[in-house]
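Adding 8 to a residue's 1-based position in the sequence shown gives its number in my numbering. In this text, a Cβ means the ideal position worked out from N, Cα and C, and glycines have one as well. Below is one structure, written out as structure tokens; comments come after it.
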Amino acid sequence: MTIGNSPSVYFWRPATWLRVSGPDALVFLQGQHTNDLNRLKTSPAVYGLWLNQKGRVLADSFVVRGRSEEEFWVGSYFSTTAVIRERLESHIIADEVALEDESAGWHGATIVGDTLIEQARSAGDGLLFPGRRGLNGHMEWLTRGPRDFPGVRTFSDNDMERFRIRAAVPAIPADIGAGELPNEGGLENEAISYTKGCYLGQEVMARLKSMGQVRRRLLRVSSPGAPPARLAKLFQGVRPVGELRSTVSDGDGFIGLALLTLLHLSRDLPLSLAPDTPPAIKVLDPS
């Protein structure tokens with residue numbers, strides 16, 4: 009599909025849309041989020057993760073600057089309110105912070121094209137910030153209630169999955185979750201700050217940075233035929249090398265993201281769905 013700068017929209021509902029407010033809101037979030045929220049002084053939103061003490065990924069989200077110095081929004085495409093809210097509430101001690109779940113009342117529109125983006129800016133309502141869809145130049149527009157875009161091309165769920173998988177953008181927790189480290193999903197550069205100071209899981213991230221490579225990695229794959237079931241096992245010869253995490257139909261076949269063990273994996277050799285069966289799944293990412 010050719011996108012370019014032609015006006016296009018995708019309608020979605022946030023899995024999480026939490027209002028975080030109070031005199032200590034920014035300091036509290038900064039002490040929990042993996043990325044440096046001081047960037048909100050110059051950016052409308054910062055993307056990052058919420059980890060456990062072992063550095064495993066519980067959820068991801070944007071932290072979005074609100075309408076005042078004491079208001080912020082925590083929003084996620086796929087990570088649920090229950091997980092993020094529990095993670096935050098468990099660390100509120102004496103902080104003057106209030107959490108309000110407003111997921112049900114807000115609507116998201118992923119917009120592409122200068123015309124739509126300018127329309128959103130001119131509207132003066134909602135919150136507008138760069139997204140993570142694998143699309144160039146797109147923005148997320150979150151508003152109270154749905155918006156109409158008459159005559160504008162609309163993306164389907166499958167369209168968005170293709171964009172995301174082609175760009176190797178993990179869906180959390182489907183692709184990278186509580187059993188995985190951020191680095192296994194290639195998130196270390198975009199979602200992790202190594203200079204901001206302490207947060208839950210920070211010591212593990214520092215050790216990983218000094219040690220170098222992880223043993224597993226989320227890699228793009230493609231194959232003819234129908235997409236297999238999620239979590240289908242993958243083999244190289246008789247050796248198990250990982251599993252499929254996301255797939256979507258693409259032309260006469262499918263593309264996907266697979267979490268693969270790097271030890272003994274030959275990326276130039278195809279994979280199969282069972283030991284010693286004809287291999288047809290190609291690893292797209294080079295060594």
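Each of Ile289, Arg21 and Glu97 was checked against the Cα of Glu108, and the nearest Cα belongs to Glu97. Taking Trp20 as the centre and dropping the five residues before and after it, the same chain places the C-beta of Gly116 closer than 6 Å to its C-beta, in chain order.
Taken through DSSP and simplified to helix, strand or coil, Val28 comes out as strand. Membership of Ala128 in the alpha helix (DSSP H) is indicated by the continuous run Asp122 to Ala131. Every beta strand (DSSP E) stretch that sits fully inside the region 55-141 and reaches 3 residues is listed by chain position as 65-73, 79-84, 106-109, 114-120 and 135-138.
Phe80 is positioned such that its CB atom lies no closer than 9 Å to that of Leu136. In this structure, the CA atom of Val54 is about 24 Å from the CA atom of Asp165. Two segments are said to touch when three or more pairs of C-beta atoms, one from each, lie closer than 8 Å; by this definition the region 207-223 touches the region 63-71. Inter-residue distance for Trp149 and Glu94 is about 26 Å (C-alpha atoms, whole angstroms). The region 233-243 makes contact with the region 259-267, as at least three CB pairs between them are under 8 Å. Taking Glu251 as the centre and dropping the five residues before and after it, the same chain places the C-beta of Leu239, Ala240, Lys241, Leu242, Ala266 and Leu267 closer than 7 Å to its C-beta, in chain order.
The way I'd put it, the region 221-230 does touch the region 274-293; three or more beta-carbon pairs between them come closer than 8 Å.
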